[in-house]
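Q: Got a structure for you, written out below as structure tokens; questions coming shortly.
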Ligand SMILES: Cc1cc2nc3c(=O)[nH]c(=O)nc-3n(C[C@H](O)[C@H](O)[C@H](O)COP(=O)(O)O)c2cc1C
Ligand code: SF4
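Numbering (our numbering), first residue to last: 92 to 510.
Right, dumping it as structure tokens:
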């Protein structure tokens with residue numbers, strides 16, 4: 092294993108250091124100093140600061156966050172909106188939950204700083220239904236910050252006003268997609284829509300909208316107070332700083348870890364996560380949730396960075412790492428993943444609605460030993476059409492696991508059973 096430190100304590104710096112139900116407790120460890128500093132700064136300078144350390148959105152698409160804030164800022168409209176995507180519906184992803192649970196005031200502070208940068212007056216948190224037990228914690232943080240004039244009208248007498256509203260989803264994976272999320276808040280069916288118009292121009296209630304993930308917002312207050320450049324001392328190239336990851340599956344210590352970018356996959360699985368349970372062999376590793384690609388043990392010495400993972404055939408995605416041991420076959424795994432997408436497809440567009448169903452049927456035939464060469468040809472074709480012609484990211488990425496399995500585990504697709 093490498094000599095690099097395995098944990099960084101930047102995004103998770105406040106975890107366990109204050110009472111998450113008490114603003115006074117948060118203030119006692121330096122909470123809200125970042126907002127006070129931010130309000131005195133030009134918004135564009137804050138966007139540049141974020142861009143300089145190449146922070147990429149942590150919801151899965153890895154869009155350049157400084158650039159997003161700068162682009163949102165450039166849209167001139169009297170009313171604008173900020174949304175925190177706390178839907179965290181990607182299977183095996185549970186890092187945002189830890190931020191909300193341990194550091195809710197920091198999240199609210201990060202959103203408020205975003206409001207200042209993009210000139211928005213309202214913020215919305217879209218919390219997944221399954222996290223309803225964290226509602227009280229978030230609402231409490233909003234209420235206490237409002238009481239102390241750190242949120243609401245004329246914050247700290249600066250003339251800047253920003254209100255945060257808390258919404259719960261109803262448990263649909265697709266509502267994590269930005270446009271579906273917006274429709275869900277608007278009280279419509281949670282289904283994605285075509286883009287353009289892009290959300291930064293016309294999003295929630297047709298207002299210019301900036302959507303970011305929980306972890307993305309949580310980084311910002313720490314970055315603003317990071318005069319010594321601690322964050323920038325980790326990683327390299329396009330992957331600077333640290334990342335929250337959630338490790339799940341057949342490992343001894345599943346959990347959320349903050350790693351410096353560049354930590355090897357081996358250090359994550361055999362160091363932080365304590366290795367595979369019962370000393371078994373790894374069958375496959377999936378990166379970035381159910382919509383992510385899979386690999387085998389050959390990826391273990393790859394550094395966890397955007398570029399290195401991409402070169403190795405997978406992506407960071409949602410930050411999930413799922414380890415599956417040799418008791419499960421690749422085909423069993425793929426069928427399980429496919430069932431998820433059949434269930435979660437919103438059914439609005441044909442490639443995703445029909446494609447997921449057909450691939451589910453072909454995988455079943457493959458497992459039963461009744462698939463034909465035509466089935467395999469169609470499966471590849473259908474998966475390709477889904478990836479290119481689906482209306483939203485759900486359909487586009489649903490077959491990532493299948494495509495990567497074809498590359499890494501070609502024996503899975505041999506006809507006649509016994510996989
Ligand atoms: C089907 C689907 C589900 C998604 N679920 C989430 C989610 O639960 N949380 C999240 O932050 N982003 C999710 N995203 C990505 C969002 O659309 C969006 O890119 C993200 O919230 C932007 O924030 P970021 O730039 O900080 O990553 C999902 C995308 C798709 C296509
Ligand atoms: S790709 Fe799937 S989830 Fe997305 S709009 Fe089409 S049917 Fe709905």
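Positions of the beta carbon are idealized from the N, C-alpha and C atoms, including for glycine.
Which residues in the same chain as residue 400 place their Cβ atom closer than 7 Å to its Cβ, once the five residues preceding and following it in sequence are excluded?
A: 378, 393, 406, 407
Q: Candidates 367, 256, 249, 305: which alpha carbon is nearest residue 234's?
A: The option with the nearest alpha carbon to residue 234 is 256.
Q: With which residues is residue 304 paired in a DSSP beta bridge?
A: Residue 304 pairs with 176.
Q: Sorry if obvious, but does the Cβ on residue 182 come closer than 8 Å to a heavy atom of ligand 2?
A: no
Q: State yes or no: is the C-beta of residue 451 nearer than 8 Å to some heavy atom of ligand 2?
A: Outside the cutoff, so no.
Q: If contacts are defined as beta-carbon pairs under 8 Å, then residue 297 and residue 281 qualify, I think. What distance do you get, rounded to the angstrom?
A: Not a contact, Cβ separation roughly 17 Å.
Q: How many angstroms separate the CA atom of residue 414 from the CA atom of residue 117?
A: 36 Å
Q: Per the DSSP calculation, residue 411 is bridged to which residue(s)?
A: 337
Q: Of all the alpha helix (DSSP H) runs that stay within the bounds of the segment 370–456, which reach a length of 4 or more residues?
A: 397–402, 421–435
Q: My understanding is that residue 202 touches residue 173, with C-beta atoms under 8 Å, so please give their C-beta distance in whole angstroms.
A: 6 Å
Q: In chain order, which beta strand (DSSP E) runs of at least 3 residues are fully inside the segment 272–326?
A: 300–304
Q: What do you get for residue 287, buried or exposed, if any count of 16 or more other CB atoms within 10 angstroms of its CB means buried?
A: exposed
Q: Taking the beta strand (DSSP E) that residue 218 belongs to, which residues open and close that run?
A: 213–218
Q: For residue 463, name the three-state secondary structure that DSSP assigns.
A: Here residue 463 carries a coil assignment [DSSP, helix/strand/coil].
Q: Using a Cβ-based criterion (distance less than 8 Å to any ligand heavy atom), does residue 490 qualify as near ligand 2?
A: no
Q: Could you check whether the Cβ of residue 199 sits closer than 9 Å to any Cβ belonging to chain D?
A: Among the chains in the structure shown there is no chain D, since it carries only a single protein chain.
Q: So, residue 495 versus residue 404, is the Cβ gap smaller than 9 Å?
A: yes
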